[in-house]
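The numbers in the sequence shown follow our numbering, run straight up by one, and end at 304.
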Amino acid sequence: MEMADASCVSRRAKERGRDQVGTLGSGNHFCEIQKVEEIFDEKVAKIFGLFKNQVVIMIHTGSRGLGHQNCTDYLRVLMPIYSKYGIKLPDRELCCVPFNSPEGKRFFKAMSAACNFAWANRHMIAHYARKAWEKVFGKGAKLKLLYDVAHNIAKIEEHEVDGKKMKLIVHRKGATRAFPPGHPELPEKYKETGQPVLIPGSMGTASYVLVGTEKSKEAWHTVCHGAGRTMSRRKAIRTISGHQVVRDLGKRGIIVKCWSMRGIAEEAPQAYKNVDEVVEVVDKANLAKKVVKLIPLAVIKGE
2 MEMADASCVS RRAKERGRDQ VGTLGSGNHF CEIQKVEEIF DEKVAKIFGL FKNQVVIMIH
62 TGSRGLGHQN CTDYLRVLMP IYSKYGIKLP DRELCCVPFN SPEGKRFFKA MSAACNFAWA
122 NRHMIAHYAR KAWEKVFGKG AKLKLLYDVA HNIAKIEEHE VDGKKMKLIV HRKGATRAFP
182 PGHPELPEKY KETGQPVLIP GSMGTASYVL VGTEKSKEAW HTVCHGAGRT MSRRKAIRTI
242 SGHQVVRDLG KRGIIVKCWS MRGIAEEAPQ AYKNVDEVVE VVDKANLAKK VVKLIPLAVI
302 KGE
């Protein structure tokens, strides 16, 4: 992001991120080897470079400790001052200040730097994946990037409000951008199709690639990122056995590697909504259209 300014990121945040480029981290972050199981739109799939039974890799991670510390740092800055801007908070986690305030400008620059760190992190993991790919399949086997999109981010975008074009700050938290065909911010390759939309499932369930539609403007060109939890991480740890999850997935031919059984229990499939049903709702609402369904072959979880 062009407005990134590393001087707005604290020394502590930089220290936390220094050794974390190329790492997944904890929670639902993963690197997953998948297979294209089903194709819903042959034309778009072909442009995306996807075909039946193709093996692909999906990477889900972000700005690691740097981004977390960034948020912590700026909450401490903003909490004592937000009220001077006439803002009333229903929840501490919604703390905010005007975008054009000195604090708002500084935070946006810091957030932009964290986003750039996240993109670098994912691309470093992709580099390692390519090295492993070549080691197994030889130099002729290539991995090409389909798309890299953030799902916890604020971006300056132009949208139509009451018939007028306006420049807005669109906040996406656990949500992903879904630009339609012809959108000026799309790369040339996807101008005809619309933006690739990635909706990963939970460990052991399907993931989907969709494509943005014109109707998504009703939701600020935004759709869900993932199925969403039905069970808190704390409850999942109390009620689900990580060892049993590994055994169950193994019976289905899915290999799972994780630093701890606790991490596997936290992210067990039964702790999440049914991704097939969630994607079906998105598709039927025409916010994004299904392109392919992916099923897992092997899952690597961080910690």
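All residues carry an ideal CB built from backbone N, CA and C; glycine is no exception. Computed from a prediction, not measured in an experiment: that's the story for all the values here.
{"Asked": "Please report how far the alpha carbon of Leu144 lies from the alpha carbon of Pro81, in whole angstroms.", "Found": "48 Å"}
{"Asked": "With a threshold of 7 Å on Cβ separation, who are the neighbours of Val78 within its own chain once the five nearest residues in sequence on each side are excluded?", "Found": "Glu104"}
{"Asked": "Let's see if you can read the secondary structure: which residues bound the alpha helix (DSSP H) around Arg173?", "Found": "First-last for Arg173: 165 to 174, but that is the beta strand (DSSP E), not the alpha helix (DSSP H)."}
{"Asked": "Report yes or no: do the segment 224 to 238 and the segment 263 to 276 share at least 3 C-beta pairs separated by less than 8 Å?", "Found": "yes"}
{"Asked": "Pick out whichever of Val224, Glu186, Gly66, Glu278 has its Cα sitting closest to the Cα of Arg12.", "Found": "Gly66"}
{"Asked": "Assuming Glu158 contacts Pro181 (C-beta within less than 8 Å), just tell me the rounded distance between them.", "Found": "Contact flag wrong, Cβ pair sits at about 13 Å."}
{"Asked": "With Leu211 and Lys291 assumed to form a contact (beta carbons below 8 Å), what rounded beta-carbon distance in angstroms separates them?", "Found": "5 Å"}
{"Asked": "Whose CA, out of Arg123, Ile301, Leu295, lies closest to the CA of Ala46?", "Found": "Leu295"}
{"Asked": "What number of angstroms, rounded off, separates the C-alpha of Met2 from the C-alpha of Cys32?", "Found": "24 Å"}
{"Asked": "Put Leu250 into one of helix, strand or coil per three-state DSSP.", "Found": "helix"}
{"Asked": "Hey, out of Ile255, Ser27, Thr240, Pro197, whose CA is closest to His61's CA?", "Found": "Ser27"}
{"Asked": "According to DSSP, Ala299 sits in a beta bridge with which residue or residues?", "Found": "Ile34, Ile256"}
{"Asked": "Hey, out of Ile154, Ala133, Asn287, Ile126, whose CA is closest to His69's CA?", "Found": "Ile154"}
{"Asked": "At what residue ranges does the segment 185 to 218 contain a whole run of the beta strand (DSSP E), taking only runs of 3 or more?", "Found": "197 to 200, 208 to 213"}
{"Asked": "Please confirm whether Gly303 and Leu25 have their CB atoms less than 7 Å apart.", "Found": "yes"}
{"Asked": "Express the C-alpha separation of Val57 and Ile48 in angstroms, rounding to a whole number.", "Found": "15 Å"}
{"Asked": "Lys166: which of Ala121, Ala119, Lys36, Lys218 sits nearest, CA to CA?", "Found": "Lys218"}
{"Asked": "Would you kindly report the start and end of the unbroken beta strand (DSSP E) that includes Met59?", "Found": "56 to 61"}
{"Asked": "Whether or not the segment 196 to 210 and the segment 241 to 253 are in contact is what I'm after, with contact meaning three or more pairs of Cβ atoms, one per stretch, closer than 8 Å; do they touch?", "Found": "yes"}
{"Asked": "Can Glu35 and Met59 be called in contact, C-beta distance under 7 Å?", "Found": "One point to set straight first is that residue 35 is Gln, not Glu, in the sequence displayed. Against a cut-off of 7 Å, the Cβ pair of Met59 and Gln35 comes out as a contact."}
{"Asked": "Keeping to the same chain, check which residues put their C-beta closer than 6 Å to that of Tyr148; ignore five residues upstream and five downstream.", "Found": "Pro197"}
{"Asked": "With a CB to CB cut of under 6 Å and the five nearest residues on each side skipped, what residues in its chain are close to Val279?", "Found": "Ala228"}
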